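See below for the structure under consideration.
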């Protein structure tokens, strides 16, 4: 008799555990299920708990909930994003920067996450990481030019700074990105910063398409004649017609 009771109790426990895990998985897309998930079983549900804490709770509570999330589900990079946001909100900017570095190695696919990481990186003073996230947004056709124009000055505004150096390194390495950099960069980046980065890229061996370079210089003239002349002189060696635009 006792054995039967133990057996039935075990079956009931397994059923409750299974139901709890199913509710947790369902909470991934249905936040309304979160309150029904037993706290120890919250894995997917903990994402919503952490997001709610970031939006409505004190920095201490948000930090505790995001740490709990990362302990339970340490692999998804999005969870590290939430932790970094909580750390930055709690004033732990240095730690937030370290979390960003870890997360950055895993990559960020969602544009909202890219922008969030970018802003956190800026808050932590990590312009190199911010520049990498900026490039990811830059390469998406769907990213509004207004957003790129808003974020650009804080990342690449300092001549020769980490932000500019990071973007130049990407332009030099990624040949297929060069025409996009010229075409969109002249529209969304600060004119002087755009000219400085394009010039530095040429000096480091980037081989720009001459027609694209000439078009960018012509557009640049409308906003900053000095910056256009600087870029035209730099481009003259590989594109003679571009050099003529310095006049």
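Numbering (our numbering), first residue to last: 15 to 261.
No residue lacks a Cβ here, since even glycine has one placed at the ideal position from N, Cα and C.
Just so you know, these numbers come straight off a predicted model, no measurement behind them.
Closest Cα partner of residue i within the set the options
{"i": "residue 104", "options": "137, 92, 128 and 85", "result": "137"}
{"i": "residue 184", "options": "157, 204 and 147", "result": "147"}
{"i": "residue 202", "options": "93, 100, 221 and 237", "result": "237"}
{"i": "residue 14", "options": "112, 92 and 213", "result": "No answer is possible for residue 14: it lies beyond the span of the chain, which begins at 15 and ends at 261."}
{"i": "residue 107", "options": "86, 153 and 77", "result": "77"}
{"i": "residue 149", "options": "64, 129 and 97", "result": "129"}
{"i": "residue 60", "options": "96, 190 and 74", "result": "96"}
{"i": "residue 187", "options": "88, 222 and 239", "result": "222"}
Backbone secondary structure at residue i - three-state DSSP
{"i": "residue 133", "result": "helix"}
{"i": "residue 155", "result": "coil"}
{"i": "residue 106", "result": "coil"}
{"i": "residue 66", "result": "helix"}
{"i": "residue 71", "result": "coil"}
{"i": "residue 89", "result": "coil"}
{"i": "residue 167", "result": "helix"}
{"i": "residue 49", "result": "helix"}
Burial state of residue i, where buried means 16 or more other Cβ atoms lie within 10 Å
{"i": "residue 56", "result": "buried"}
{"i": "residue 264", "result": "Because the chain here runs from 15 to 261, residue 264 falls outside it and cannot be looked at."}
{"i": "residue 199", "result": "buried"}
{"i": "residue 155", "result": "exposed"}
Beta carbon of residue i nearer than 8 Å to that of residue j
{"i": "residue 170", "j": "residue 207", "result": "yes"}
{"i": "residue 165", "j": "residue 132", "result": "yes"}
{"i": "residue 161", "j": "residue 205", "result": "no"}
{"i": "residue 257", "j": "residue 246", "result": "yes"}
{"i": "residue 145", "j": "residue 180", "result": "yes"}
{"i": "residue 141", "j": "residue 175", "result": "yes"}
{"i": "residue 117", "j": "residue 151", "result": "no"}
For a minimum of 4 consecutive residues, which ranges assigned as the alpha helix (DSSP H) are wholly contained in the stretch 176 to 259? If we require 4 residues or more, the alpha helix (DSSP H) runs fully inside the stretch 176 to 259 come out as 176 to 187, 192 to 202, 205 to 217, 224 to 235, 239 to 249 and 254 to 258.
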